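Working notes, structure below.
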DNA sequence: AAAACATATCAATAAAATTTGATTTGAGGT
DNA sequence: ACCTCAAATCAAATTTTATTGATATGTTTT
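Protein chains in written order, with this note's numbering: chain A, 94 to 195; chain B, 94 to 195.
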């Protein structure tokens, strides 16, 4: 079974590779197909496909098939849930503090 | 030289390991020293220290020395800048869209 | 139905991150 | 000064991720 920590970590794994951040930057200007992304990126087709899968699995990117092309775009719901998760994980909770080391 | 993608990726690297998320959860209830964190976590002292360094380097966690103890706590500015970065990386920009595949 | 094309998957390798135990550092206490 | 304790660093082994080239899948074109 996958722990909730593992599930949450997956979202951030998508963001922790510089190539994937470069891909996201390209998607900010709108939907792109693999061939378009590959164009200015010095990355092989299979490598790009590998990274796109990780981005899609995280929910941050969505894909759409059109004939033989796959188009990728940023997901608004993916973004919002990632932001919400990040906040949740890093914001102090309200319960009484347990002291430490005396 | 380190690219901006590499610098940004570092923040998310801190968040992409289930053990570090478990550590963050413990810090949500307030500042803790290493000994306290280790208590209920099935992790060795050196391993925990390794993870704490990564969390601190990312800016998400801050540390404070007190005698021979090191206390760790969530950083508010770390959180806010991580959230801002996440939003920036995943929000479409305003410039005109470049078409794709015709 | 064969050829051409876009993309995904696979398998082998290479690189990076994590774990573990041992050692070091640095702060108190005696 | 010496001992003890908390935590950091180091080095080796292991595990996880990423890269690369080859092959498979599915779609359009001829």
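For glycine and all other residues, C-beta sits at the position ideal for the given N, C-alpha and C. These numbers come from a predicted model, not from an experiment.
Starting from residue i, trace the alpha helix (DSSP H) in both directions and tell me its first and last residue.
i, result
"residue 108 (chain B)", "97-108"
"residue 184 (chain B)", "Element bounds for residue 184 (chain B): n/a, residue is neither H nor E."
"residue 139 (chain B)", "138-150"
Is the beta carbon of residue i less than 8 Å from the beta carbon of residue j?
i, j, result
"residue 196 (chain B)", "residue 168 (chain B)", "Not covered by the structure: residue 196 (chain B). The range shown for chain B is 94 to 195."
"residue 177 (chain A)", "residue 104 (chain A)", "no"
"residue 121 (chain B)", "residue 144 (chain B)", "no"
"residue 172 (chain A)", "residue 153 (chain A)", "yes"
"residue 131 (chain A)", "residue 117 (chain A)", "no"
Which value, in whole angstroms, describes the spacing of the CA atoms of residue i and residue j?
i, j, result
"residue 161 (chain A)", "residue 102 (chain A)", "32 Å"
"residue 195 (chain B)", "residue 186 (chain B)", "The predicted model places residue 195 (chain B) with a pLDDT of 41, which falls under 50 and marks its position as unreliable, so this point remains unresolved."
"residue 135 (chain B)", "residue 119 (chain B)", "14 Å"
"residue 139 (chain B)", "residue 182 (chain A)", "24 Å"
"residue 164 (chain B)", "residue 137 (chain B)", "17 Å"
"residue 128 (chain B)", "residue 95 (chain A)", "27 Å"
"residue 180 (chain B)", "residue 180 (chain A)", "12 Å"
"residue 99 (chain B)", "residue 109 (chain A)", "8 Å"
"residue 97 (chain A)", "residue 115 (chain B)", "10 Å"
"residue 123 (chain B)", "residue 184 (chain A)", "10 Å"
"residue 149 (chain A)", "residue 159 (chain B)", "44 Å"
"residue 125 (chain A)", "residue 188 (chain B)", "15 Å"
"residue 40 (chain B)", "residue 166 (chain B)", "With chain B represented from 94 up to 195, any question about residue 40 (chain B) goes unanswered, as that position is not in the structure."
"residue 170 (chain B)", "residue 133 (chain A)", "35 Å"
"residue 111 (chain B)", "residue 157 (chain B)", "24 Å"
Taking residue i as part of the beta strand (DSSP E), name the residues at either end of that continuous run.
i, result
"residue 122 (chain B)", "Unbroken run through residue 122 (chain B): none, as it is neither H nor E."
"residue 156 (chain B)", "154-159"
May I ask you to check if the CB of residue i is nearer than 7 Å to at least one heavy atom of the ligand COA?
i, result
"residue 165 (chain A)", "As presented, the structure is devoid of all ligands, the ligand COA included, so that no description of it is given."
Inset, instruction - Closer than 7 Å, Cβ to Cβ, to anything on chain A: give me those residues from the segment 149-168 of chain B, in chain order. - result: 153, 162, 164 and 167
Legend entry - Residues of the segment 105-125 of chain B whose Cβ lies closer than 9 Å to any Cβ of chain A, in chain order: 105, 106, 107, 108, 109, 110, 111, 112, 113, 114, 115, 117, 118, 120, 121, 122, 123, 124 and 125
Inset, instruction - Below 7 Å between beta carbons is the criterion; list the residues of the segment 172-186 of chain A that meet it against any residue of chain B, in chain order. - result: 172, 175, 176, 179, 180, 182, 183, 184, 185 and 186
Legend entry - Residues within the segment 127-150 of chain B neighbouring chain A, beta-carbon criterion of under 8 Å: Per Cβ criterion, the list reads 128 and 129.
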